[in-house]
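Participant: Handing you a structure now.
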Amino acid sequence: MEQVLFRHNRPGRCVTISEYRAGGGFLPLEKALREMSPDQVQQRVIDSGLRGRGGAGFPTGKKWSFVPRDLPGPRWLICNCDEMEPGTYKDRVLLEANPYLLVEGMILACYALGVEHSFIFIRRGYETAATNLARAIAEARGAGLLGENILASGFSCDIDVHLSAGRYICGEETALMNALEGRRANPRAKPPFPAIKGLWGGATVVNNVESLANIPFIIAEGADRFRSLARIPEASGMKLFCVSGHVRSPGCHELPLGIPLSEIIDDACGGMREGSSFKACLPGGASTPYFTPEHLSVPMDFDAVARAGSRLGTGGVVVFDQNTCMVRATLNLVRFYARESCGWCTPCREGLPYVVRLLEEIEAGRGSLEQVALLQEHVRLLNHAFCALAPGAMGPVDGLLRHFEEEVVEHVIRGRCPFN
Amino acid sequence: MIPEALKNELKARVAAAVTNREAAVDVMKRLQAHYGWLTDEGVHESAEILGMTTLQVEELATFYEMIYRRPVGRRVIHVCDSISCWAMGGESLMAHMAGHLGIGVGETTSDGVFTLLPCCCLGNCGEAPTMMIGDTLYGRLDSARAGQLLEEERAAVMGEMEGGR
Ligand SMILES: Cc1cc2nc3c(=O)[nH]c(=O)nc-3n(C[C@H](O)[C@H](O)[C@H](O)COP(=O)(O)O)c2cc1C
Ligand code: SF4
Ligand code: FES
């Protein structure tokens, strides 16, 4: 199968810059700087149909086009490598195997956006990825591919690595800007949107690692080639699906967007582990409503997954077998979000611990049908929070009530967890 | 008090940043590495190096999962309690670790070697259950392997202490 993001990979180690260049690496950058204007680069990314891989699926080229060309003052690009959403580990796998793709993608993005100074924001725990990136940046600079007057084109830009200290909310793009500025990482109000007023008040684009790593291929091979990689006509490109849970061989695989969920589980991950049968999964990380056996044929692309009642999110597929209590799984997920709440707004700070309590009561067999109704109500209420963390937290609760209501009610009626 | 050399190194880091505050997390982490945890003294020194108030530093220090404002052991053990690890036996791993160390979650062993903490997804979900000891990530853990790792780490720490580090 054609690989875009894993094409340069070497088994068990990180690729070197000479191997990357021998495989065609940094040719797209040369080509763009020689033959294309920034607008042409941006247009090609728009035409490619690339959508953000960080969770929201916003079209990347369109996001870039929101930055006004003539806005005075410095402008910024930030690569988001906070990756703390449970079930998601694709950016780590990518960067441990090949940091050059991201470096090249960022230089191309800087060129398209007119950015001279960019940042990679890396979570705590990804020290290997950070070391790889620091090395790749130094090597690129040494080869004249980064820094002043890149490849004698007159264009200059630089990349800084910012190491964080662990907090999920730092991945939210406006909280990330506060974190980078050395402020407490509470999200900011929108508008103004980052494209107009972001980091240090300047125009700012925030993109995920995987989104940016796709850019060199798009420039080299063209928008149509990128589109045609997907399995279904409405989708575009490849996707890193990182699978975990009760499958035989969990792993991170680059597969075409639009591939049916069953193929990811059965073909890429060897099916369910011994003695397990598929009960449910989170299709795209911890904030996405569950899929069930009836969804196994859903094409894994942004719109198709949304039509089926969930979200493609980060592509982190967490698989559960028949012995999993879905109330307890949901409790684990909401506890994560309650602990990671930044505390800025009341619905989230107060509401999530309350939802945790409701789920604890139900799981312990002390729940009532009124409490089930309260859970339902909170799926709606938490949409009123200040940022997307709290609605995301309720994604699994929403899925629980839609697909496993019987199991929830059974806890109440029997007065105990049926899985104990 | 931190050595003059470290202070100068950090001042250079701050000078290279776009604004002083941008370097705050780096500075706090270096002082934490020096003291073992981010002491009150470390907060004061960070503030001085960064040109921030101690309150501003405190506001940041208390926000991050991996900045410790209380004493911790020589090796902090972070056991992931997020969903993929939960599905693969993370709760029994944590219980086993606590039992093996003879401490509760959040506590430090009496010899000062280990502190046991739960943490968010370590981005190693495909190899669940996962934990981090110091800076090193370990996956696919069962109780035997976890116990063995603890013994190895303890021996390494004893070696460091004898070496006077
Ligand atoms: C609570 C929260 C955490 C997030 N964490 C991440 C993250 O770790 N990495 C990421 O790329 N996007 C994360 N996002 C999404 C970002 O806000 C933003 O949409 C994304 O980085 C944009 O990049 P993309 O357009 O390339 O996807 C998070 C969003 C929220 C609400
Ligand atoms: S929703 Fe939660 S994380 Fe977002 S601003 Fe409110 S308290 Fe903070
Ligand atoms: S859920 Fe434990 S490492 Fe991701």
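Those protein sequences? They're chains A and B, same order as listed.
Adding 32 to a residue's 1-based position in the first sequence gives its number in the numbering used here.
Adding 186 to a residue's 1-based position in the second sequence gives its number in the numbering used here.
Where a beta carbon is used, it is the ideal one built from N, C-alpha and C, also for glycine.
In this text the structure is predicted, and so the values were computed from the model without any measurement.
#1: For a contact defined as C-beta to C-beta under 7 Å, what are the partners of tyrosine 121 of chain A on chain B?
#2: Between alanine 210 of chain B and chain A, is there a C-beta pair that is closer than 8 Å?
#3: Taking the straight line between their C-alpha atoms, what separation do you get for alanine 144 of chain A and lysine 63 of chain A?
#4: Please determine, among B/Ala210, B/Lys193, B/Leu196 and B/Pro189, the residue with the shortest C-alpha to C-alpha distance to histidine 194 of chain A.
#5: Express the C-alpha separation of phenylalanine 323 of chain A and threonine 48 of chain A in angstroms, rounding to a whole number.
#6: So, at 8 Å on beta carbons, what are the nonlocal neighbours of leucine 65 of chain A in its own chain, with the 5 sequence-adjacent residues on each side left out?
#7: If contact is defined by three or more beta carbon pairs under 8 Å, each pair taking one atom from either stretch, is the segment 358-378 of chain A in contact with the segment 426-436 of chain A?
#8: Excluding the five sequence neighbours on either side, which residues of its own chain have a C-beta within less than 7 Å of the C-beta of valine 73 of chain A, listed in chain order?
#9: Would you identify the three-state DSSP class for arginine 39 of chain A, choosing helix, strand or coil?
#10: Unbroken alpha helix (DSSP H) runs of length 4 or more, entirely within the segment 77-164 of chain A: which are they?
#11: What are the start and end residues of each continuous alpha helix (DSSP H) run of 4 or more residues lying completely inside the segment 225-298 of chain A, in chain order?
#12: Considering only residues of the same chain and omitting the five flanking positions on each side of arginine 360 of chain A, which have a CB-CB separation below 6 Å?
#13: Within 10 Å of its beta-carbon, does proline 100 of chain A have 16 or more other beta-carbons around it, so buried, or fewer, so exposed?
#14: May I ask which residues mark the beginning and end of the alpha helix (DSSP H) holding histidine 282 of chain B?
#15: Tell me the DSSP secondary structure of methionine 344 of chain B in three-state form.
#16: State the Cα-Cα distance for the pair glycine 383 of chain A and leucine 421 of chain A, rounded to the nearest angstrom.
#17: With a Cβ-Cβ cutoff of 8 Å, do glycine 198 of chain A and glutamate 208 of chain B count as a contact?
#18: Name, please, each residue of chain A whose Cβ falls closer than 8 Å to the Cβ of lysine 215 of chain B.
#19: Taking C-beta pairs closer than 8 Å, name the residues in chain B that threonine 356 of chain A reaches, listed in chain order.
#20: Is the beta carbon of asparagine 210 of chain A within less than 7 Å of some heavy atom of ligand 1?
#21: Who are the Cβ neighbours of alanine 211 of chain A in its own chain at under 6 Å, not counting the five residues just before and after it?
#22: For ligand 3, is there a heavy atom less than 7 Å away from the beta-carbon of glycine 254 of chain A?
#23: When the Cα atoms are used, what is the spatial distance from glutamate 339 of chain B to aspartate 298 of chain A?
#24: Which residue wins for smallest C-alpha separation from glutamate 117 of chain A, given the options A/Ser319, A/Asn130 and A/Ile110?
#25: Could you tell me which residues DSSP puts in a beta bridge with aspartate 192 of chain A?
#26: Between cysteine 284 of chain A and ligand 3, is there a pair consisting of the residue's CB and a ligand heavy atom that are separated by less than 7 Å?
#27: Beta-carbon separation of threonine 205 of chain B and glutamate 213 of chain A under 8 Å?
#28: If alanine 255 of chain A sits next to aspartate 79 of chain A, beta carbons under 8 Å apart, how far is it from one beta carbon to the other, in whole angstroms?
#29: Quick one: give me the first and last residue of the beta strand (DSSP E) that proline 304 of chain B is part of.
#30: From glutamine 242 of chain B to alanine 235 of chain A, what does the alpha carbon distance come to, in whole angstroms?
#31: Which first and last residues belong to the alpha helix (DSSP H) in which phenylalanine 453 of chain A is found?
#32: Between asparagine 239 of chain A and ligand 3, is the CB less than 7 Å from at least one heavy atom?
#33: Of the residues A/Arg220, A/Lys271 and A/Gln35, which one's Cα is nearest the Cα of leucine 289 of chain A?
#34: For the 8 Å Cβ check, are there 3 or more pairs between the segment 344-358 of chain A and the segment 267-283 of chain A?
#35: For arginine 343 of chain A, count the other beta carbons within 10 Å of its own beta carbon; 16 or more makes it buried, fewer makes it exposed. Which is it?
#36: Let's test the definition: count the other Cβ atoms within 10 Å of the Cβ of glutamate 286 of chain A and tell me whether it reaches 16, buried, or not, exposed.
Facilitator: Let's see:
#1: Gly309, Asn310, Cys311 and Gly312
#2: yes
#3: 13 Å
#4: B/Ala210
#5: 40 Å
#6: Tyr143, Ile182, Leu183, Ser185 and Phe187
#7: yes
#8: Ala64, Leu140, Tyr143, Ala144 and Ile251
#9: coil
#10: 92-97, 122-129 and 132-145
#11: 241-245, 247-253 and 255-260
#12: Glu395
#13: exposed
#14: 276-287
#15: helix
#16: 12 Å
#17: no
#18: Leu195 and Ala197
#19: Ala273
#20: no
#21: Cys202 and Ala217
#22: no
#23: 38 Å
#24: A/Ser319
#25: A/Phe151
#26: no
#27: yes
#28: 4 Å
#29: 300-305
#30: 26 Å
#31: Coverage of chain A is limited to positions 33 through 452, which leaves residue 453 of chain A absent and any answer about it impossible.
#32: no
#33: A/Lys271
#34: yes
#35: buried
#36: buried
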